[in-house]
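Structure record follows, encoded as structure tokens.
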Amino acid sequence: MTSVDTDSPQFRDALDTARRALQRGGPLVVLSGAGMSAESGVPTFRDAQTGLWERYDPTDLATPEAWRADRDMVWAWYRWREHLITSTTPHAGHVAIARAAAHREVEVVTQNVDDLHERAGSPVVHHVHGSLFAHRCDTCATPIEVSPPPPEPVDRLEPPHCTRCDGRARPGVVWFGETLPRAPWEAAVRAVTAAGVVVVVGTSGLVYPAASLPGLAAQAGAPVIEINPGPSGLGDEVDVHLPAPAGQVLPALLA
Ligand code: BJW
Ligand code: ZN
Numbered sequence: 002m003t004s005v006d007t008d009s010p011q012f013r014d015a016l017d018t019a020r021r022a023l024q025r026g027g028p029l030v031v032l033s034g035a036g037m038s039a040e041s042g043v044p045t046f047r048d049a050q051t052g053l054w055e056r057y058d059p060t061d062l063a064t065p066e067a068w069r070a071d072r073d074m075v076w077a078w079y080r081w082r083e084h085l086i087t088s089t090t091p092h093a094g095h096v097a098i099a100r101a102a103a104h105r106e107v108e109v110v111t112q113n114v115d116d117l118h119e120r121a122g123s124p125v126v127h128h129v130h131g132s133l134f135a136h137r138c139d140t141c142a143t144p145i146e147v148s149p150p151p152p153e154p155v156d157r158l159e160p161p162h163c164t165r166c167d168g169r170a171r172p173g174v175v176w177f178g179e180t181l182p183r184a185p186w187e188a189a190v191r192a193v194t195a196a197g198v199v200v201v202v203g204t205s206g207l208v209y210p211a212a213s214l215p216g217l218a219a220q221a222g223a224p225v226i227e228i229n230p231g232p233s234g235l236g237d238e239v240d241v242h243l244p245a246p247a248g249q250v251l252p253a254l255l256a
């Protein structure tokens with residue numbers, strides 16, 4: 002991760018600008034991506050990766066084509082990620098967002114398929130890319146309860162059968178080429194267009210339609226604050242960029 006000097010005058014100026022933007026009335030909307038979970042130990046998609054991530058391009062596995070080509074491999078990978086996430090905990094940034102909801106209206110719109118915002122106590126979380134834990138039949142979409150994931154990564158695992166048809170359990174996430182679930186997507190669009198201020202944290206801003214949400218907020222008149230230690234695909238829609246890790250800057254910003 003890029004190291005930043007959070008004591009520099011430039012960073013302090015940016016933090017002051019962001020704090021003033023937060024003083025505007027109206028709901029605070031947080032748009033989070035994989036970088037939000039990074040300091041909890043969940044690997045992102047597009048940063049340099051370690052371990053199992055080195056063997057796979059995660060975005061190659063996040064497709065219906067990958068599922069059709071090698072279901073047992075994709076299922077094993079998602080089960081391993083479930084295990085990984087259940088062994089992590091929310092960090093100070095998740096907690097700061099949850100605490101902010103005690104004194105103002107806060108809605109979280111997340112691309113993340115983990116449950117770290119909920120476990121930190123955020124009351125309103127819209128999962129626009131679904132959830133790792135909401136397994137359903139790949140054929141008839143019936144929800145399917147599955148056993149806990151194996152504690153060690155395995156190369157292949159057969160997904161359980163559906164009880165209603167000859168389909169199999171699949172993860173409840175949104176793969177490339179699939180439509181986003183209607184209710185969270187509509188809630189996300191409503192939230193950003195009604196926002197008083199928007200904080201975008203830990204996303205490369207490359208995946209659509211989620212990457213269009215900061216622009217919608219800016220068009221509707223909300224100041225957009227970006228927290229990301231690295232560069233992103235977001236541009237003019239961002240009013241102030243705080244180049245620091247979420248766990249470090251969110252507690253300072255929202256305190
Ligand atoms: C830190 C940090 C720290 C590090 N603190 N920050 C319009 C234009 C072009 C293409 C399209 C378009 N509309 C649709 C498309 C196609 C496609 C798309 O966008 N492709 C692009 C890649 C070009 N979109 C879709 O297919 C979407 N569906 C759709 O549009 O349906 C309509 C349709 C149907 C049929 C045909 C056409 C259209 C669906 C997208 C689904 C994305 N799914 C995934 C996998 C989810 C399941 C899983 O988890 O396995 O979602 S892909 C992956 O990327 C995942 C993420 O949610 C998503 C975004 O990634 P994110 O969160 O931004 O993470 P990273 O890794 O990219 O970035 C991390 C960032 O954190 C970095 O910037 C770091 O610097 C930063 N960071 N540490 C703060 N400590
Ligand atoms: Zn079924």
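Per the numbering used here, the very first residue in the sequence shown carries number 2; after that it's consecutive. Note that beta-carbon positions come from the ideal geometry of N, C-alpha and C, so glycine has one too.
{"Check": "Local conformation of L207 per DSSP, three classes", "Outcome": "coil"}
{"Check": "Nearest candidate by alpha-carbon position, reference S213, set F134, V147 and W186", "Outcome": "W186"}
{"Check": "Cutoff 8 Å; reference D167; Cβ partners in own chain excluding five residues on either side", "Outcome": "T140"}
{"Check": "Under the three-state DSSP convention, the category P185 falls into", "Outcome": "helix"}
{"Check": "Reference A245, options G203, L217, G234 and L255, closest by Cα", "Outcome": "G203"}
{"Check": "Cβ neighbour criterion (16 or more within 10 Å) applied to Q220", "Outcome": "exposed"}
{"Check": "Inter-residue Cα distance where the pair is E108 and D17", "Outcome": "23 Å"}
{"Check": "F46 Cβ short of 7 Å to ligand 1 heavy atom set", "Outcome": "yes"}
{"Check": "Proximity of A218 and V31 at Cβ, strictly below 8 Å", "Outcome": "no"}
{"Check": "Rounded straight-line distance, which links the Cα of G248 to that of V200", "Outcome": "14 Å"}
{"Check": "Contact under 8 Å by Cβ, V129 with V110", "Outcome": "yes"}
{"Check": "Candidates V43, W176, F134 and P151: closest to H92 by CA position", "Outcome": "V43"}
{"Check": "Those residues which DSSP pairs with L133 across a bridge", "Outcome": "Looking at the DSSP assignment, L133 forms no beta bridge with any residue, so it has no partner."}
{"Check": "CB of H95 within 8 Å of CB of A188, strictly", "Outcome": "no"}
{"Check": "Pairwise C-alpha distance: R21 and G236", "Outcome": "21 Å"}
{"Check": "Runs of beta strand (DSSP E) lying entirely within the stretch 14 to 101, each at least 3 residues, in chain order", "Outcome": "29 to 33"}
{"Check": "Proximity to G34 [Cα-Cα], best of G27, Q112 and L23", "Outcome": "Q112"}
{"Check": "Beta carbon nearer than 6 Å to a non-hydrogen atom of ligand 2", "Outcome": "C138, T140, C141, T143, C163, R165, C166 and G168"}
{"Check": "Distance between A142 and P160 (C-alpha atoms, nearest Å)", "Outcome": "14 Å"}
{"Check": "Whole-Å CB distance - G197 paired with R25, under 8 Å assumed", "Outcome": "5 Å"}
{"Check": "Backbone CA spacing between P182 and P210 [nearest angstrom]", "Outcome": "12 Å"}
{"Check": "Nearest neighbour of F134, chosen from G222, R100 and I86 [CA to CA]", "Outcome": "I86"}
{"Check": "Proximity winner among L207, R137, R80 and P59, relative to T164 (alpha-carbon distances)", "Outcome": "R137"}
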